[in-house]
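So the structure is just underneath, and the comments pick up after that.
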Amino acid sequence: MLFGVQIVSCIIIATILLHYFLNKKMDTFSNKIFSIYLAFSFSNLLFEFMTLWDLYHIDTIVKPAIDVTHLFFLATLVVAIFFFFLYLDAKARGQRRYSAMQYALRFIPMIVALCFVLFGDIAYYTESDGVYSYGPKTYSIYIAVVGYLTFSAIQIIRYRKSFRRQEILAFMLGIGVWGIIAVLQITHRVWLLSSLGLSFMTLLVYLSFENPREYNDYEIEGTFNQYALDTFLNELLQRKKCFYVVDITLRNTVFLKSTIGTSGINEILKDMADTLERELEVSVYHPKRYCITAILQTEKQKTKLMNTRFDFMHEEEGGIRLSPQYSIALLSCPEFADSKEDIHAMLEFAVTQIPEEQKSLYILGDEDIEKKKQSSVIEKVIQQAIDDRSFQVYYQPIYSGKDKQFVSAEALVRLKDPETDKFIPPDIFIPMAEKNGQISEVGNIVFENVCRFIRDNKPEQYGVKYIEVNLSGIQCVDQNLKNILMEYVEKYKLSPEVFNLEITETAAVNMEERLRYNMRVLRECGFKFAMDDFGTGYSNLAKMAKSDFELIKLDRSLIVPCFEKDKDGEAEVVLNSCIDMVLRLGGEIVAEGVETEEQNEYLLQRGVNYIQGYYHSRPLPEDQYLAFLKERSARG
Ligand code: C2E
Ligand code: CA
Ligand code: CA
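Numbering-wise (this note's numbering), the sequence shown opens with residue 243 and increments by one.
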């Protein structure tokens with residue numbers, strides 16, 4: 243059929259064009275190049291129709307008109323192929339930069355071919371079996387097309403890591419089809435198949451590379467996914483652009499999930515995305531759960547962001563309004579992060595730095611970069627200490643008012659930075675280990691250390707009845723907690739009674755089913771429990787104090803204010819009420835952080851059972867703790 247091949251090609255390209263322009267697109271460089279490529283491919287097809295029409299009516303049309311349509315046909319073909327190459331090349335090279343020379347080299351084949359198009363000779367074959375053009379003008383274009391396709395293949399193979407498997411396969415399939423078409427074209431010149439090759443390749447590339455489905459996020463309508471964000475970030479970094487990344491992250495997601503569910507959360511995120519898009523005229527990404535991201539490329543957008551008041555609400559049925567907590571952070575790139583990995587890591591870190599209640603924009607700066615660096619150093623030190631099991635355990639003696647001796651001690655973990663040979667405070671590394679999922683291993687190492695210490699040194703001979711070991715909230719809800727602890731206890735042939743496990747008040751208040759279960763089975767084995775940091779959480783005091791714990795550890799913050807110079811009476815009332823309540827409910831009390839004789843006397847006189855603090859002793863390494871015990875028990 244006359245024009246059959248061309249009509250099929252035209253339908254393919256027109257469908258792609260339509261689909262492409264109807265869908266939401268990102269504002270990337272490669273996207274723009276792809277649009278140009280599509281436009282040139284489509285015009286090339288239109289010119290091909292005209293050239294064929296001309297050749298079939300060669301008797302009635304003047305030669306210059308035929309020459310001009312051929313000129314446009316050949317020129318659009320070579321320009322289209324050039325943009326096709328540029329598109330793949332941009333994707334292939336990722337963040338690598340080219341020199342001016344490397345850039346220029348890419349243009350040369352196209353320019354040479356265009357010169358031939360303008361000044362070369364062309365002849366037309368018009369017989370009853372078909373029509374085609376030939377001569378240097380035409381050949382130069384075919385050579386350029388083959389050249390650019392070969393270059394594209396080389397770049398894809400060279401930088402195959404920048405592509406996904408399906409992309410490479412699609413491209414290679416396209417090249418294969420084009421190769422077959424080229425052979426057929428040379429052996430049967432009247433078949434005019436080149437447009438089919440072009441449209442087939444476009445289809446494959448479109449489906450695997452530029453398909454809006456690959457970029458769109460389907461959870462939050464109108465946003466792009468993580469892959470899209472990474473593609474855009476790579477491109478901006480590679481072009482050495484300065485830009486800002488804005489990240490809005492929902493906080494308190496456990497609460498949100500239990501009140502409004504995932505669909506409610508997504509509604510809030512959608513609202514946030516719409517606001518950003520409207521106010522700043524940017525594309526919005528939904529790279530991971532509970533978080534949306536936008537990229538600002540102008541100072542004007544940044545100023546606008548700083549002046550925008552965000553006030554997101556979620557309205558439930560019945561008109562109940564819930565205002566979610568979120569943090570919003572701004573990162574300047576490449577100033578503070580110059581790879582997509584760094585950008586993600588920095589923004590994730592930002593969330594840990596922003597106070598829960600802060601709703602205004604948090605701008606990341608030098609200080610955060612420094613902190614982030616330190617935190618990744620600490621992360622490595624923790625991992626190293628886990629690998630070598632090199633955490634140390636210090637023991638802080640606990641004094642019994644009734645027995646007038648040191649009947650227990652709290653085991654406190656110590657971590658040394660091998661570089662500086664200084665200790666990293668547990669208040670810094672424990673929360674990090676909790677966040678990184680390393681805390682269970684840290685806890686296990688500490689527990690085994692304590693087991694070994696008790697077996698080797700038998701502190702009971704000096705009157706020590708049990709050692710208190712801290713459990714992190716994460717360990718408390720570990721399915722395997724009992725098995726892990728019992729394994730160590732059995733390995734070191736100890737009795738669980740020599741342990742008192744400390745659980746913080748906050749963990750105990752949010753007591754999940756699993757913690758209750760763990761406490762029950764551990765208690766059945768013989769372990770005892772202490773509620774740590776009492777006075778810092780928000781417990782139903784009476785209920786907590788009564789049944790679940792043998793010991794209540796009064797936090798230092800409850801004690802210190804009673805002994806300050808400018809104290810009012812209130813702190814004392816609170817402290818004394820707590821003490822009375824626990825005692826009257828039959829519990830026992832450890833006062834923590836006791837530093838002076840005055841505090842010691844007062845608390846003992848009030849009926850507090852045990853005293854722990856610098857007044858009696860700082861936490862001590864094993865050998866010093868043993869020496870301390872020996873010396874005190876000798877004193878009697
Ligand atoms: P914590 O459980 O409340 O431990 C008591 C902290 O108070 C210890 O800090 C101790 O050195 C300090 N302290 C003791 N007496 C005094 C005093 O008189 N005055 C003052 N100002 N402080 C005193 P440390 O060793 O730095 O530990 C900090 C926190 O790290 C602990 O608080 C605990 O929450 C956590 N931690 C320590 N070791 C472990 C562990 O093995 N596992 C887990 N999960 N957490 C641990
Ligand atoms: Ca403790
Ligand atoms: Ca404590």
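Beta carbons: idealized from backbone N, C-alpha and C, even for Gly.
Excluding five sequence positions before and after ALA355, the CB atoms of its chain that fall closer than 6 Å to its own CB belong to VAL320, SER382, ILE383 and ALA386, given in chain order. When rounded, the separation of the alpha-carbon atoms in LEU606 and LEU522 is 20 Å.
Annotated three-state conformation of MET773 is strand, per DSSP. Sorted by position in the chain, ASN712, GLU744 and ASP774 make up the residues whose C-beta lies under 5 Å from a heavy atom of ligand 2. Between the segment 575-587 and the segment 508-518 there are fewer than three inter-stretch CB-CB distances shorter than 8 Å, so the stretches are not counted as touching. Separation of ALA869 and CYS820 (C-alpha to C-alpha, rounded to the nearest whole angstrom) is 35 Å. Taking the Cα positions, VAL304 is about 55 Å away from TYR527. At least one heavy atom of ligand 1 lies less than 6 Å from the C-beta of ILE672. Linking TYR857 to PRO667 through their CA atoms gives a straight-line distance of about 20 Å.
Per DSSP, the continuous alpha helix (DSSP H) segment holding ASP296 begins and ends at 271-298.
Residue environment analysis places GLU477 among the buried positions, since at least 16 neighbouring C-beta atoms fall within 10 angstroms of its C-beta. Residue side-chain check: PRO861 places its Cβ nearer than 6 Å to a non-hydrogen atom of ligand 1.
Annotated as distal: ALA749 and ILE709, with beta-carbon spacing of 7 Å or more.
At least 7 Å separates the beta-carbon of ILE745 from that of ALA675. When DSSP reads this structure, THR368 sits in a beta bridge with VAL373.
Taking the C-beta atoms as reference points, GLN408 is found nearer than 7 Å to SER450. LYS499 and PRO529 have their C-alpha atoms some 19 Å from each other. A distance criterion of 6 Å places the beta-carbon of GLU463 beyond contact range of ligand 3, judged by its closest non-hydrogen atom. Boundaries of the beta strand (DSSP E) harbouring GLN647: 647-659, taken from the DSSP string. Per DSSP, the continuous alpha helix (DSSP H) segment holding SER437 begins and ends at 436-447.
Cβ neighbours of PHE633 within its own chain (closer than 8 Å, five residues either side excluded): ALA627, VAL655, ARG656, LEU657, VAL684, ILE687, VAL688 and ASN691. In the three-state DSSP reduction, SER642 falls in the strand class (E or B). At least 7 Å separates the beta-carbon of THR495 from that of VAL593. Close CB contacts of THR293 within its chain, under the 6 Å cut and outside five residues either way in sequence, are with THR311, HIS312 and PHE315 (chain order).
In this chain, the beta strand (DSSP E) harbouring LYS530 covers 526-530. In this structure, DSSP gives GLN634 an extended state, which the three-state scheme calls strand. The three-state secondary structure of ASP513, taken from DSSP, is helix. Three or more pairs of CB atoms, one per stretch, sit closer than 8 Å, so the segment 321-329 contacts the segment 262-281. Each of ASP629, ALA833 and GLU839 was checked against the Cα of GLN854, and the nearest Cα belongs to ALA833. A direct Cα-to-Cα measurement between GLN703 and TYR730 gives close to 22 Å. Using a Cβ distance threshold of 7 Å, SER404 and ALA334 count as a contacting pair.
Short of 7 Å from the beta carbon of GLU557, and not among the five residues preceding or following it, lie these beta carbons of its own chain, in chain order: ARG563. Here the alpha carbons of LEU713 and PHE474 stand approximately 44 Å from one another. SER565 is classed as exposed because its beta carbon has fewer than 16 other beta carbons within 10 Å across all chains shown. Restricting attention to GLY418, PRO701 and SER285, the CA atom closest to the CA of GLN866 is found in PRO701. Under the criterion of beta carbons closer than 8 Å, GLY829 and ARG798 do not qualify as touching, at roughly 19 Å.
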